[in-house]
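Enquirer: According to this note's numbering, the sequence shown is numbered sequentially starting from 611.
Ideal placement from N, C-alpha and C gives every residue a C-beta, glycine not left out.
Here you go, one structure.
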Amino acid sequence: MSRLPAAVLPFLLGAVAAGVGYDLGTYSDGRAAVDALYQDMGAGSGPLGDPVEGTRCSKGIHGCVRGFEHGFIAWSADTGAQPVQGAIGAEWGTGGTRGLLGLPLAPEACGEGTCSQQFQRGRINWNAGEGTRVTRAIDDPADVRVVVNKQRPLVPADWAPGDLGAVDGQPLRVEAAQALQRLIDDAAAEGVPIRAISGYRPQHEQDGLYRRYTALYGQATADAISARPGHSEHQTGLAVDIGNPDGACALQACFEQTPAGRWAAENAHRYGFLIRYPAGAEPVTGYAYEPWHLRYVGIQLAGEVRASGTATLEEYLGLPAAPGY
């Protein structure tokens, strides 16, 4: 049994500790579950070997992780305590628990010469001939957690969703549409009217929009306010521009000062949405501040990003900044 590379453990455990609200006393159930599983697996004489670090917990990942000589045990209230070990553990550790795959959902499942393990945002497969292979939700345009930016185009470039619903006449993926309708209904119940202005755009429509902006403002300005075709979140069917029914501050930065803008900023994550292009994040996103642009990523990931205090998906997931093409 091989020992995990020394560089893996500080990276992973440091990422856990970096979460906002890190507190050794917060997750007593998690630490107890990690310890119990470790004992059930044979403690130091089992496959994980001796611990190399205490259990670290973070609100940013909604869970806890402890590192051992040959792997990890990770816990969250949703997944319970799960081991990650061997070659899969080494691969997972390099990505970080706050990174691309998230926490394990179950132990690895192995057959003859192969193993596979499912995580919150992807899967790691291993076989004796090829080693490990990572499948990431952020690369799959059909997954609500796909990341699209100036450095990460949709693949294929003309991808189109097959499950569209609508809110206020604006098409969106069904899951996103249902979440947005709940958001709008709850805001209205609190006396704050919100409406959908723009939802899904197919590639050809985005191409026309980008060409118009380029003709009007030049390419540099167009790139700051509009995505090139194949790079638009609107093409995923998971992004929506919202506004006030009276049109006040529509698609303008002053939207943040309206009741609708303030309500969305405070509550959107509760419905699975993020303000995707926040103020001051232009060096990361490559786009000017858009307080009206909401991106659906699911309640779990939206909650994690919010709890972490991280401004952008790129930063939370450990992806490179994408200020330009």
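Rounded to a whole number of angstroms, what is the C-alpha to C-alpha distance between residue 876 and residue 753?
Expert: Cα-Cα distance, rounded: 25 Å.
Enquirer: Can you grab the Cα-Cα spacing for the pair residue 828 / residue 841, in whole Å?
Expert: Their Cα atoms are separated by approximately 18 Å.
Enquirer: Should residue 648 and residue 683 be called a contact, given that it needs their Cβ atoms to be closer than 7 Å?
Expert: For residue 648 and residue 683, yes; Cβs fall inside 7 Å.
Enquirer: Helix, strand or coil for residue 904 per DSSP?
Expert: DSSP places residue 904 in strand when its eight states are reduced to three.
Enquirer: For a test of the three-state rule: what should DSSP assign to residue 684, helix, strand or coil?
Expert: Residue 684: strand per DSSP, three-state reduction.
Enquirer: So, is residue 743 buried or exposed, given that buried needs 16 or more other C-beta atoms within 10 angstroms?
Expert: Per the 10 Å Cβ criterion, exposed.
Enquirer: Taking C-alpha atoms, which residue in 741, 915, 772, 794 lies nearest to residue 846?
Expert: When only C-alpha atoms are compared, the closest one is 772.
Enquirer: Tell me the DSSP secondary structure of residue 849 in three-state form.
Expert: Strand.
Enquirer: Suppose you measure from the CA of residue 920 to the CA of residue 805; what does that come to, to the nearest Å?
Expert: Between residue 920 and residue 805, the C-alpha separation is close to 27 Å.
Enquirer: Let me know if residue 641 comes out buried or exposed under the rule of 16 or more other beta-carbons within 10 Å of its beta-carbon.
Expert: Answer is buried; the Cβ neighbour count reaches 16.
Enquirer: Write down every uninterrupted run of the beta strand (DSSP E) in the segment 769–811 whose length is 3 residues or greater and which is fully enclosed by it, in chain order.
Expert: Counting whole runs of 3 or more residues, the segment 769–811 contains the beta strand (DSSP E) stretches 774–777, 780–783, 805–808.
Enquirer: Which same chain residues, not among the five before or five after residue 623, have their C-beta less than 6 Å away from its C-beta?
Expert: With a pLDDT of only 44 at residue 623, under the threshold of 50, the placement of this residue in the model should not be trusted; the figure read from the coordinates follows. Cβ neighbours of residue 623 beyond the five flanking positions: 663, 666, 677.
Enquirer: Please state the DSSP three-state secondary structure of residue 887.
Expert: Of the three classes helix, strand and coil, the one that applies to residue 887 here is strand, per DSSP.
Enquirer: Take the Cβ of residue 935 as the centre, count every other Cβ of all protein chains shown within 10 Å, and call the residue buried at 16 or more, exposed below.
Expert: Per the 10 Å Cβ criterion, exposed.
Enquirer: Roughly how many angstroms separate the alpha carbons of residue 898 and residue 861, rounded to a whole number?
Expert: For residue 898 and residue 861, the distance between alpha carbons rounds to 11 Å.
Enquirer: With H, G and I counted as helix, E and B as strand and the rest as coil, what does DSSP make of residue 864?
Expert: In this structure, residue 864 counts as helix in the three-state DSSP scheme.
Enquirer: Helix or strand or just coil, what does DSSP make of residue 689?
Expert: Correct three-state label for residue 689: coil.
Enquirer: For residue 730, which residues of its own chain have a beta-carbon under 6 Å away from its beta-carbon, when the five flanking residues on both sides are left out?
Expert: For residue 730, where only same-chain residues beyond five positions count, the Cβ hits under 6 Å are 712, 713.
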